[in-house]
Amino acid sequence: MTDMTGSPLTSANVPGAEQAAVEDTLTRNVERSFENCSDPRLLQLMQALVRHLHAFIREVRLTEDEWNSAIAFLTAAGHITDDKRQEFILLSDVLGASMQTINVNNRAWKNATEATVFGPFFAEDAPEIPNGGDIAGGAPGQPCWVEGTVTDTEGRPVPGARIEVWEADEEGLYDVQYGDDRVAGRAHLYADDDGQYSFWGLTPTPYPIPHDGPVGRMLEATGRSPMRASHLHFMVTAPGLRTLVTHIFVAGDTLLQHDSVFGVKDSLIKAFDQQAAGTPTPDGREFNGETWARTRFDIVLAPAEADTAV
Ligand code: BEZ
Ligand code: FE
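Right under this line is the structure:
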């Protein structure tokens, strides 16, 4: 047996008929309280929210202590949030709500590259580098040559596509987490006339999402890890094409199955091939006996109308 949202009713949560009627009446009254809303979409959102929220409370038979804990949790999330720290987005991320919203809004379109979470560490004003340039800006880590093409779903190159890239250093920190003004591990560049791009980055390493706040405490209390699978962020834009926000992940990373924000998609897992010290680099750069890595990421952009197509 299920309730009105399809949630299972068990013997522990089936109220008697009289009690169920009291609870149903309240849910319906709250739903009806929005009926004068003149914006049909807002009406739909609020009524569905009420239905699902009430169904949750009723399914788990929420205690008043638990309700108080939830309020304290949200209050703490509010207190730790400021213009640099956004605990509510983090909460959305670890509950899979960010990723589900991305799935709903970036429907699969032919062979277009899949999207994943944006994360909190993008910066608008990352420096421009030439094709083949270096995004590290002094950030520590193993150098990694990244190359690929940007095409549309018909295989046509997208010259001039703007490619933003950003990543954590080998300490697992983004530049903005150091609290000084350093700009490192981020840049933007443009695909060339054939849609090709390349740059030197760092081989991605795993790192924890910020976990010193209420979301971290929730992860700990539920036996979950804050670690993200190793990744390199991309945002690719071009006129007439759907903006792509994505990452590439490192094949073989043991965290691929346990990413704390559910961002991994199989199509985004790439081989990062280790190169022995002394192996010639694609652009003749020398590393004085250090190893380096290389990977390839061919990016396919959906047409802008993919956003609205049903
Ligand atoms: C990130 O990949 O940068 C990230 C994504 C979600 C939450 C925290 C960090
Ligand atoms: Fe990240």
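Heads up, the sequence shown is in the working numbering, so the first residue is 172 and it goes up one at a time. Just so you know, even glycine gets a beta-carbon here, dropped at the ideal spot from N, CA and C. No experiment lies behind these values; they were computed from the predicted model shown.
Going down the chain, each residue whose beta-carbon is closer than 6 angstroms to a heavy atom of the ligand BEZ shows up: Leu261, Asp264, Val288, Gly290, Pro291, Phe292, Ile380, Arg399, Val432.
Beyond the five residues adjoining it in sequence on each side, valine 201 comes within less than 6 angstroms, by CB distance, of Val221 in the same chain, given in chain order. Bounds of the alpha helix (DSSP H) holding leucine 224 are 211–231. For a cut-off of 8 angstroms, the C-beta gap from glycine 366 to valine 329 is around 5 angstroms, short enough to register as a contact. Counting the other CB atoms within 10 Å of its CB gives valine 193 a total below 16, which places it among the exposed residues. The continuous beta strand (DSSP E) containing glutamine 446 extends over residues 444–446.
Here threonine 284 carries a coil assignment [DSSP, helix/strand/coil]. Within the same chain, and ignoring the five residues on either side of alanine 442 in sequence, the residues whose Cβ sits closer than 7 angstroms to its Cβ are Ala422, Thr466. Assignment of proline 385 by DSSP, reduced to helix, strand and coil, places it in the helix class. When Leu224, Asn282, Ala310, Thr376 are compared, the shortest CA-CA separation from valine 347 is found for Ala310. Selection Leu472, Asp478, Ala477 evaluated against arginine 327 yields Leu472 as nearest (Cα-Cα). Counting every other CB atom within 10 Å of its CB across the protein chains shown gives alanine 447 a total below 16, marking it as exposed. Excluding the 5 residues flanking it on each side, glycine 356 has same chain C-beta neighbours closer than 7 angstroms at Ile306, Ala307, Gly308, Ala310, Trp337, Glu338, Ala339, Asp340, Tyr345, Asp346, Leu373, in chain order. The Cβ atoms of valine 386 and leucine 245 lie no closer than 7 angstroms to each other. Between the stretch 264–272 and the stretch 402–414 there are fewer than three inter-stretch CB-CB distances shorter than 8 angstroms, so the stretches are not counted as touching.
Taken in chain order, no unbroken stretch of alpha helix (DSSP H) lies wholly in the stretch 404–465 with a span of 4 residues or more. In the structure shown, the three-state DSSP call for threonine 320 is strand. Here the alpha carbons of threonine 287 and leucine 233 stand approximately 33 angstroms from one another.
Rounded to the nearest whole angstrom, the CA to CA distance from alanine 477 to glutamate 189 is 49 angstroms.
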